[in-house]
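Taking it in order: structure first as structure tokens, then the write-up.
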DNA sequence: ACTGGTAATGGTAACGCTATCATAGGCATA
DNA sequence: TATGCCTATGATAGCGTTACCATTACCAGT
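Here it is in structure tokens:
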């Protein structure tokens, strides 16, 4: 099974203040009590046990200590901790003061056990872009700041035959408070079914409203496509190509849809030979760009479904001896770090990834915490075009 | 305080199988029992309560169920879960079979509560490079695969006045099983002191052995610098510059040290005017490169402490009308994604970030799980040079 | 004053696991 | 046979919190 803990717990002497010095008979009698990982264990141990009866001696204070000092039952302390409205203001203040004084914080595990639900928020994702992932993690963490939640991450592979089983085990065992689902896991209805079945709350981040507003952060990728098209048509381009991501990604579809709409505003169409589907990768971007650049007449601009593919276009352009933006304008999507490291700097569509993560986590938390739940409000986000050097007049 | 939970728990009807249908009098009588986040709540609730006495009906099985079915005490089941050697093989197999059959998995919170330690491994980091962070997260997660541990992440800012307090609260409250510390938090002795004081195990990932082998993964960055120097001197360069990271980063110091040693092998020195300290950023890389490229005689090669600064060199070279590698060879460090997107492709020193994370987590877990603790063995890793297009003969 | 309702609080039993200590059996030694 | 020691197992008491169901205090309405 999972374990290996029983034998270990006893082996190391002074780990985690409450640890016993006793020798667990069950433990494998291996290397004796020496401290393996960190130094100064002796010192750490020193202020630990010794006076097991003294109420507030060494150990972290518990709800019982607070209750005793405040002359109330621990249930009342619990009420204060959990913001129950049924506590007299005076009582609440007295208890709060003691909590602050002792630096008490409830044990998340005991709380979770009694609450039948942990204080862990999961982020399940299969997005391969490090910057995207890190930004969103940071957003989620920012929303959790000051709360007692923690973030547990779970990259995954939707192709894996065990995907659903793994996710179910993860969410169910940890009794996750909720999960944040960025694209493209957010689009996986099988996963949603699993989460619904076990009753775990979730927020889906996606480019279209796949669910009720309460559980969505909608990113309106199509507006990014629209803006890209407008920018290019305003620059006088009329023969404009698109390299999209895989069509089974909603984002790819939405970006393309907005782009087509933007062209239509200028009376333009996206002819078949200028409309190519790739895989959101550098290599496929380069390959498809090579084809486009060999066309006669050549397109004068290319809008790419992401920056990776735009970098591929740069390569193809170099290989074809074409200059950006002189011969060909390029727009990416994501505004990744790369966009401002490539030469020339890449014009790109930017999504506020950090904020998306923050909003998602905030919704998850708000569902439960706020007096007046804002939860049914729509949460939407709009991409913006960041113009740099890779686009110029036709 | 932290909370806001008491009022919420009762509000949503069928969340998390075990949830009661009762109305908690303490709960704020807000929006009644409607399901806010996920759909199908009614269905989920259906198979929940109903038969509260039936032993294995709807609820997840507990250790008691296993014990009853196996006709042993729950302590013995616990022994099996935790790989205690003091269980007869026959008994173990009987219990394991039932565990497998029922798909039982121990509740991490209950386990943690009793064990006085959670099954969460923390990663505390202040590394700003998304790719680094994500790779290391993945490595840690890979090491945890198949265990019952989960990863909790914690980006931080060492300049923040609350840094140490926050970290202490985090580690102490969550009773973390252990933490992984990549550079540069791994170099922070104040943090180490805090961790030692509360007795939380840790693994430090750093370019030099800052601690006993048991708690280190050493990356030997200096060898990367050495290889870079050798590569350039072999190509016939003799006027070679270095742009290093901030000297208070051990990595920056080590990379430079190895580089100097490599030059020395060829009888070369790093003269003061070719030895520049920057901040690991694109901008400072560009600025310092501009200065170097204006020198007469100009250096014919530049080794940068990371890829970001190398990208800055690219910019400076373009601005100065110099070609890479024709006029100037460039080497980076990190082998980031950017290295193979820049033009020309950047020669760079690569560290196996993923493996470093994996090794660190494995050490943390092994300390406790393995029969024979490998923990005192040194864990070391060596960077390799990835030669691409940005370096050529002098 | 009596009733009834709501606000505020408390007692006790969970929650699901491990620690601790006790005990039963087996086997070698005296 | 008695003794001791080791192996395998169990009984019970926590771990620190919240759920559940009282119970008390208070106040308005009759």
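Chains as they are written, first to last, in this note's numbering: chain G, 1 to 394; chain Z, 1001 to 1394.
Backbone N, C-alpha and C fix where the C-beta goes; we use that ideal spot for every residue, glycine too.
Where does the unbroken alpha helix (DSSP H) through residue 1291(Z) begin, and where does it stop? Position 291 of the second chain, counted from the start, is the residue given in the question as residue 1291(Z). That run of the alpha helix (DSSP H) goes 1282-1294.
Determine the burial state of residue 1088(Z): buried for a count of at least 16 other Cβ atoms within 10 Å of its Cβ, exposed for fewer. The sequence position of residue 1088(Z) within the second chain is 88, counting from 1. Exposed, since its Cβ has fewer than 16 Cβ neighbours within 10 Å.
Kindly say whether residue 1358(Z), judged by its beta-carbon, lies nearer than 8 Å to any beta-carbon of chain G. Stepping through the second chain from its first residue, residue 1358(Z) is reached at position 358. Judged by the 8 Å Cβ criterion, residue 1358(Z) is not in contact with chain G.
Using a Cβ-Cβ cut-off of 6 Å (strictly less than) and excluding sequence neighbours within five positions of residue 1102(Z), which residues of its own chain qualify? Translated into the one-based positions of the second chain, residue 1102(Z) becomes position 102. The answer, listed in chain order, is 1061.
Does the pairing of the segment 229-237 of chain G with the segment 287-303 of chain G give three or more beta-carbon distances under 8 Å? The answer is yes - the segment 287-303 of chain G touches the segment 229-237 of chain G, with three or more Cβ pairs under 8 Å.
Report yes or no: do the segment 1269-1279 of chain Z and the segment 1199-1207 of chain Z share at least 3 C-beta pairs separated by less than 8 Å? no
Under 8 Å: do the segment 1244-1260 of chain Z and the segment 1211-1224 of chain Z share three or more Cβ pairs, one atom per stretch? Yes: the two stretches touch, three or more of their Cβ pairs being nearer than 8 Å.
At 4 residues or longer, what runs of the alpha helix (DSSP H) sit wholly inside the segment 193-271 of chain G? 221-234, 250-265
Could you tell me whether any Cβ in chain Z is nearer than 8 Å to the Cβ of residue 248(G)? Along the first chain, one-based indexing puts residue 248(G) at 248. False, the Cβ-Cβ gap to chain Z never drops below 8 Å.
May I ask you to report which of helix, strand or coil DSSP gives residue 1343(Z)? Here residue 1343(Z) refers to the residue found at position 343 of the second chain. Coil, per DSSP.
Could you check whether the Cβ of residue 1318(Z) sits closer than 8 Å to any Cβ belonging to chain G? Residue numbering aside, residue 1318(Z) sits at position 318 when the second chain is read from its first letter. By this cut-off, residue 1318(Z) is an interface position.
Going by the beta-carbon positions, is the gap between residue 262(G) and residue 229(G) smaller than 8 Å? Residue 262(G) sits at position 262 when you count from the first residue of the first chain. Residue 229(G) sits at position 229 when you count from the first residue of the first chain. Closer than 8 Å, so yes.
Residue 291(G), buried or exposed, once every other Cβ within 10 Å from all chains shown has been counted against 16: Reading the first chain from its first residue, position 291 is the one you call residue 291(G). By the neighbour-count rule (16 or more Cβ atoms within 10 Å), residue 291(G) is not buried but exposed.
Could one say the Cβ of residue 133(G) lies closer than 8 Å to chain Z's Cβ atoms, at least one of them? Taking the first chain and counting its residues from 1, the one referred to as residue 133(G) is at position 133. Yes, its Cβ sits closer than 8 Å to a Cβ of chain Z.
Can you confirm whether residue 152(G), when its beta carbon is compared against all beta carbons of chain Z, has any partner nearer than 8 Å? Here residue 152(G) corresponds to residue number 152 of the first chain, with the count starting at 1. For residue 152(G), the answer is yes, since a Cβ of chain Z falls inside 8 Å of its Cβ.
For residue 1112(Z), go through chain G and note every residue whose CB falls closer than 8 Å to its CB, in chain order. As a working note, residue 1112(Z) is residue 112 in the second chain. Chain G residues near residue 1112(Z): 109.
Could you check the C-alpha separation between residue 153(G) and residue 389(G) for me, to the nearest Å? The residue you call residue 153(G) lines up with position 153 of the first chain. The residue you call residue 389(G) lines up with position 389 of the first chain. Computed Cα separation, rounded: 36 Å.
Which residues of chain G have a Cβ atom closer than 7 Å to the Cβ of residue 1173(Z), listed in chain order? Within the second chain, the letter at position 173 stands for residue 1173(Z). Near residue 1173(Z) (Cβ distances below 7 Å), the residues of chain G are 105, 108.
Contact defined as beta carbons within less than 8 Å: I believe residue 1348(Z) pairs with residue 1334(Z). What is the distance between those atoms, to the nearest angstrom? Mapped onto the second chain, residue 1348(Z) falls at position 348. Mapped onto the second chain, residue 1334(Z) falls at position 334. Contact flag correct, Cβ pair sits at about 6 Å.
Using DSSP with H/G/I as helix, E/B as strand and the rest coil, what is residue 350(G)? Position 350 of the first chain, counted from the start, is the residue given in the question as residue 350(G). Residue state, collapsed to three classes: strand.
For a quick check, are the C-beta atoms of residue 156(G) and residue 176(G) less than 8 Å apart? For the purposes of this step, residue 156(G) is taken as the residue at position 156 of the first chain. For the purposes of this step, residue 176(G) is taken as the residue at position 176 of the first chain. No, they are not a contact pair.
Could you tell me how far apart the beta carbons of residue 1174(Z) and residue 1251(Z) are, in whole angstroms, since I believe they sit closer than 8 Å? If you number the second chain from 1, residue 1174(Z) lands on position 174. If you number the second chain from 1, residue 1251(Z) lands on position 251. Taking C-beta atoms under 8 Å as the contact rule, residue 1174(Z) and residue 1251(Z) fail to qualify, at a distance of about 28 Å.
Under the DSSP definition of a beta bridge, which residues are partnered with residue 333(G)? The residue labelled residue 333(G) in the question sits at position 333 within the first chain. According to DSSP, residue 333(G) bridges with 349(G).
Taking Cβ positions only, does residue 55(G) come closer than 8 Å to chain Z? As a first step, residue 55(G) is located in the first chain; it is residue number 55 there, counting from the start. Residue placement at residue 55(G) cannot be trusted, given a pLDDT of 35 that sits under 50; the coordinates are not used to answer.
Given this structure, state the Cα-to-Cα distance separating residue 1021(Z) from residue 122(G), to the nearest angstrom. As a working mapping, residue 1021(Z) is identified with position 21 in the second chain. As a working mapping, residue 122(G) is identified with position 122 in the first chain. Note that residue 1021(Z) scores 34 on pLDDT, short of 50, meaning its location in the model is unreliable; the coordinates nonetheless yield the value given after this. Distance between the alpha carbons of residue 1021(Z) and residue 122(G) is about 26 Å.
Using only alpha-carbon positions, find the residue among 1336(Z), 1340(Z), 1352(Z), 1317(Z) that is nearest to residue 1329(Z). Counting from 1 along the second chain, the entry for residue 1329(Z) is found at position 329. Of the listed residues, the one whose Cα sits closest to residue 1329(Z) is 1317(Z).
So does the segment 305-319 of chain G actually touch the segment 242-249 of chain G, counting three or more Cβ pairs closer than 8 Å? Counting Cβ pairs under 8 Å, three or more are found: they touch.
Distance, Cα to Cα, residue 1284(Z) vs residue 1278(Z)? The count along the second chain starts at 1 and reaches residue 1284(Z) at position 284. The count along the second chain starts at 1 and reaches residue 1278(Z) at position 278. Taking the straight line from one Cα to the other gives about 6 Å.
Interface residues of chain G around residue 1155(Z) at Cβ under 9 Å? Position 155 of the second chain, counting from 1, holds the residue named residue 1155(Z). In chain order: 134, 137, 138, 141.
For residue 1163(Z), which of helix, strand or coil comes out of DSSP? Position 163 of the second chain holds residue 1163(Z). Residue state, collapsed to three classes: helix.
Taking 8 Å as the threshold (C-beta atoms), are residue 1336(Z) and residue 1129(Z) in contact? For the purposes of this step, residue 1129(Z) is taken as residue 129 along the second chain, with counting starting at 1. For the purposes of this step, residue 1336(Z) is taken as residue 336 along the second chain, with counting starting at 1. Yes, the Cβ-Cβ distance between residue 1129(Z) and residue 1336(Z) is below 8 Å.
Any idea what DSSP makes of residue 1322(Z), helix, strand or coil? Here the question's residue 1322(Z) lines up with position 322 in the second chain. Coil.
Per the DSSP calculation, residue 1178(Z) is bridged to which residue(s)? Your numbering for residue 1178(Z) matches position 178 in the second chain. Bridge partners of residue 1178(Z): 1121(Z).
Chain Z beta carbons: is any one of them nearer than 8 Å to that of residue 341(G)? Working through the first chain from its first residue, we reach residue 341(G) at position 341. Chain Z contact via Cβ: present.
Would residue 143(G) and residue 353(G) be called neighbours here (beta carbons separated by less than 8 Å)? Counting from one through the first chain, the residue named residue 143(G) turns up at place 143. Counting from one through the first chain, the residue named residue 353(G) turns up at place 353. No. Outside cutoff.
Residue environment, residue 1233(Z), which counts as buried when at least 16 other CB atoms sit within 10 Å: As a first step, residue 1233(Z) is located in the second chain; it is residue number 233 there, counting from the start. Its Cβ being crowded by 16 or more others within 10 Å, residue 1233(Z) is buried.
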